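Numbered per the numbering used here, the sequence shown spans residues 1 to 220.
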Amino acid sequence: MKLVLHDNNQEQYIRYYHTNLNDCPEKLTDENGGILWECSYQLWGKHIHEIKHQPIEQNLRYQGQYLDRETGLHYNIFRYYDSDIGRFTQPDPIGMLGGLNLYQYAPDGVTWVDPWGLSCFKIHSRIKESNKLVKEAEITGKSHQSSIDHLTKQLSLNNKNSGIGTKPIGHGISEVRARDGARVHFREINDSIIVILGKSDKANQQTVINEVLKVFGRGA
């Protein structure tokens, strides 16, 4: 992730975040690749070693979290997160609709994220259940992989309008679209799980839609 900073003299600096699987920052580098800051973490986001190679404050943690160095807690928009115990310090503001454990961050801290401190989203793929969908996804990836990755990442954040919007294709299945023609076909389950069913571009879009509906239609 690219970050542009300005000092008091309006000089511009380029910094790059290097993140782990769930986008928690592990390194911050300058435009020449020099490491300015690095950190290692335990499973639930507690830092093990933090090294500052330059006098810089880097307080971003899990998605949507900002470290409060006075308390050691992570500000997570609607509540605070304690990485020592892997739990929020306040209950889910939705009340009992949040489930039995109102202080839970997520079922696991690697593949789930909760950028707002309200809910978490898990990405699961079923593309491998169809050899045809696997083949078409590989074809799409050769020319549109960066857009596919961006759409998938935004779906994990529950953002279904990261490109030119989302439209239904039938049987509870939708496709989110990028401006360059990339498509990710998905189904949302229980407001917490995004199931990826297919990937396409303008050239093979209808072929993929037909196969997705054939394999996964009617709630399959």
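No residue lacks a Cβ here, since even glycine has one placed at the ideal position from N, Cα and C. Small disclaimer: the values here were computed from a predicted structure and weren't measured.
- Secondary structure at residue 205: helix, using DSSP grouped into helix, strand and coil.
- DSSP, reduced to helix, strand and coil, places residue 11 outside both helices and strands of the structure shown, so it counts as coil.
- With a cutoff of 9 Å on beta-carbon distance, residue 105 and residue 126 are scored as not near each other.
- With respect to residue 23, residue 63 sits close: the two C-beta atoms are nearer than 9 Å.
- In the structure shown, the three-state DSSP call for residue 148 is helix.
- A contact between stretches requires three or more CB pairs, one per stretch, nearer than 8 Å, and the segment 143–152 meets this requirement with the segment 183–200.
- For residue 218, the CB contacts under 6 Å within the same chain, skipping 5 residues up- and downstream, are 171 in chain order.
- Separation of residue 83 and residue 54 (C-alpha to C-alpha, rounded to the nearest whole angstrom) is 25 Å.
- For residue 37, the enclosing beta strand (DSSP E) has its first and last residue at 35–41.
- Looking at 158, 175, 165, the one whose alpha-carbon comes closest to that of residue 190 is 158.
- Just so you know, the alpha carbons of residue 173 and residue 201 end up roughly 17 Å apart.
- Judged by beta-carbon spacing, residue 40 lies beyond the 9 Å limit of residue 31, meaning their Cβ atoms are not closer than that value.
- Contact check for residue 148 against residue 203 fails: the beta carbons are separated by 9 Å or more.
- Residue 103 and residue 94 have their C-alpha atoms spaced approximately 11 Å apart.
- Sorting 132, 80, 42 by C-alpha distance to the C-alpha of residue 207 places 132 at the top.
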